[in-house]
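Residue 134 in full-length UniProt numbering sits at position 134 of the sequence shown; the count goes up by one each step and never skips.
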Amino acid sequence: MTWADLDAQLSTVAGTVSVYAGRLTGPPAYTREADATHYAASTMKVAVLTALYRAAEAGTLDLDAPVPVVNDFASARPDAPRFGCARDYDNDGAVWDRLGGRASLRWLAHRMIVRSSNLATNIVLGHLGTPAVAEVWTLAGARHSVTGRGIEDFAARDAGITNLVTAADLAALLGAIARGASEPGPLAAPAGCAAMLAVLFAQEHHEDLAAGLPPGTRIAHKNGWVHGIRHGVGVVFPDDAPPYALAVCTTTTTPAPADPQSTDDAARRLLAHISATTWSTRQTLTP
Numbered sequence: 001m002t003w004a005d006l007d008a009q010l011s012t013v014a015g016t017v018s019v020y021a022g023r024l025t026g027p028p029a030y031t032r033e034a035d036a037t038h039y040a041a042s043t044m045k046v047a048v049l050t051a052l053y054r055a056a057e058a059g060t061l062d063l064d065a066p067v068p069v070v071n072d073f074a075s076a077r078p079d080a081p082r083f084g085c086a087r088d089y090d091n092d093g094a095v096w097d098r099l100g101g102r103a104s105l106r107w108l109a110h111r112m113i114v115r116s117s118n119l120a121t122n123i124v125l126g127h128l129g130t131p132a133v134a135e136v137w138t139l140a141g142a143r144h145s146v147t148g149r150g151i152e153d154f155a156a157r158d159a160g161i162t163n164l165v166t167a168a169d170l171a172a173l174l175g176a177i178a179r180g181a182s183e184p185g186p187l188a189a190p191a192g193c194a195a196m197l198a199v200l201f202a203q204e205h206h207e208d209l210a211a212g213l214p215p216g217t218r219i220a221h222k223n224g225w226v227h228g229i230r231h232g233v234g235v236v237f238p239d240d241a242p243p244y245a246l247a248v249c250t251t252t253t254t255p256a257p258a259d260p261q262s263t264d265d266a267a268r269r270l271l272a273h274i275s276a277t278t279w280s281t282r283q284t285l286t287p
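The structure is reproduced here in C-alpha cells:
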C-alpha cells in the first residue's frame, strides 16, 4: 500500500484523522492534518513524565522521595473548588490501593504511563505545575499542544481550560526523548531520556499502534482515549531499519452510536492499520 492509498482510505473516515510518520531526524515520510489540534486524552502524560524527569535532573524534585497519595487537587480555574478523580474512571487500581499512604514520584510516574493512571497523573502534576509541562512542549519544538489542567478538572474544562495535542507535536516530543537517550538534547541528559524511554517501553496497553506491529517489535509508546477520541504515539525500533516516530490522533464527529464500544474498536483497528502500513515502509520510509 502506498501513502496515497492510505490517504484515500483515511479520507473516508468520519471526523479528523491526523498522522505523522517519519524518521527521528529529517522530514516526515507522511503527514495528514498533522497540525490539527485534538483533545489530548492521556497522551499529555508523556509531557508530564518529561517535566518530572527534568525537575529531578535540576534537583528540584527527588524521584524516590515518598509523597502523599491523595485524591484532592486544586483546579486550574482559580475560583473553582478542589476536585478529585473517579476510581471507576481510572485504569490502575494499584495507585488507588495506596490512597492515604505514600509512594515515590518515580513509581507514580511509571503507573501514569504503563497503566495510564489518572490519579497518579494528577499527583505528579500537582508537584510540578502546568508551567513545567508547557516548557517541555516548547523545548520539544511543539507548536500547538497545551497542557492546561489535570485529569477530570471539570470546572476548568467548562471554563475553556483544556489539554490539546497534535500528531506533529506528539511525534516531536517522543522523537526528542528517543534521540536524547543517545546524545545530548533539549529535554534532559541522555540518562534521563533513557530512563523515560524505558518507562515508555514498559507500556502495558498493547492495542492501537503496537497491535499493528509484528509480535516482539520494540515500541516506546503511549495511547490515550475518551469517547470519540483515540490517539497513539510511539517510537518504533525495528531490528532491520532505523527507528521511526509515528503519531496518530483521531476525533470522531459523528453522533454516539447505540454501542459506543463499536466506535472504540473501529478506532483501535484504524490505528493498528496505520501502524502496519508504516511498518511496511520501514526500510525506506520516504515520502
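All C-beta atoms, glycine included, are put in the ideal place defined by N, C-alpha and C.
Residue from the options whose Cα sits closest to the Cα of residue i
i: W279; options: A266, E183 and T217; result: T217
i: L174; options: V13, R87, V46 and P28; result: V46
i: K222; options: E207, G84, P66 and R102; result: E207
i: A58; options: L128, A202 and V233; result: L128
i: D153; options: D240, R143 and D79; result: D79
i: T31; options: T25, Q9 and W3; result: W3
i: V67; options: V236, G100 and L270; result: G100
i: I219; options: W225, G232 and H227; result: G232
i: R23; options: P238, A41 and L271; result: P238
i: P214; options: N163, C249, A272 and C193; result: A272
i: P242; options: G26, V19 and A8; result: G26
i: G126; options: R149, L139 and R143; result: R149
i: G228; options: V136, R157 and V17; result: V17
i: T281; options: T251, A156, D240 and R269; result: D240
i: M196; options: E33, L6 and M112; result: M112
i: C193; options: G15, A56 and L10; result: A56
Exposure label - residue i; buried when at least 16 CB within 10 Å
i: S275; result: buried
i: S75; result: buried
i: P28; result: buried
i: M1; result: exposed
i: V13; result: exposed
i: Y89; result: exposed
i: P49; result: Here residue 49 turns out to be Leu, not Pro, going by the sequence shown. It is buried - the Cβ of L49 has at least 16 other Cβ atoms within 10 Å.
i: Q283; result: exposed
i: P257; result: Per-residue confidence for P257 stands at a pLDDT of 49, beneath the threshold of 50, marking its modelled position as unreliable; no derived number is given.
i: A202; result: exposed
Under 8 Å between C-beta atoms of residue i and residue j
i: I161; j: R77; result: yes
i: T277; j: V165; result: no
i: A188; j: Y53; result: yes
i: V133; j: A51; result: yes
i: C85; j: I151; result: yes
i: G234; j: L209; result: yes
i: V199; j: V70; result: no
i: V95; j: A120; result: yes
i: A41; j: V226; result: yes
i: A247; j: A167; result: yes
Residue i - partner residues in DSSP beta bridges
i: W225; result: R230
i: Y89; result: According to DSSP, Y89 bridges with nothing at all.
i: R54; result: DSSP output for R54 lists no bridge partner at all.
i: C193; result: Answer is none; C193 lacks a bridge partner.
i: V17; result: T250
i: F201; result: Answer by DSSP bridge pairing: none, since F201 is not bridged.
i: A220; result: V235
i: G22; result: A245
Only counting runs of 3 or more residues, tell me where the beta strand (DSSP E) segments fall wholly within the region 87 to 164, in order along the chain.
-> 102 to 104
What are the start and end residues of each continuous beta strand (DSSP E) run of 3 or more residues lying completely inside the region 26 to 72, in chain order?
-> 30 to 32 and 66 to 68
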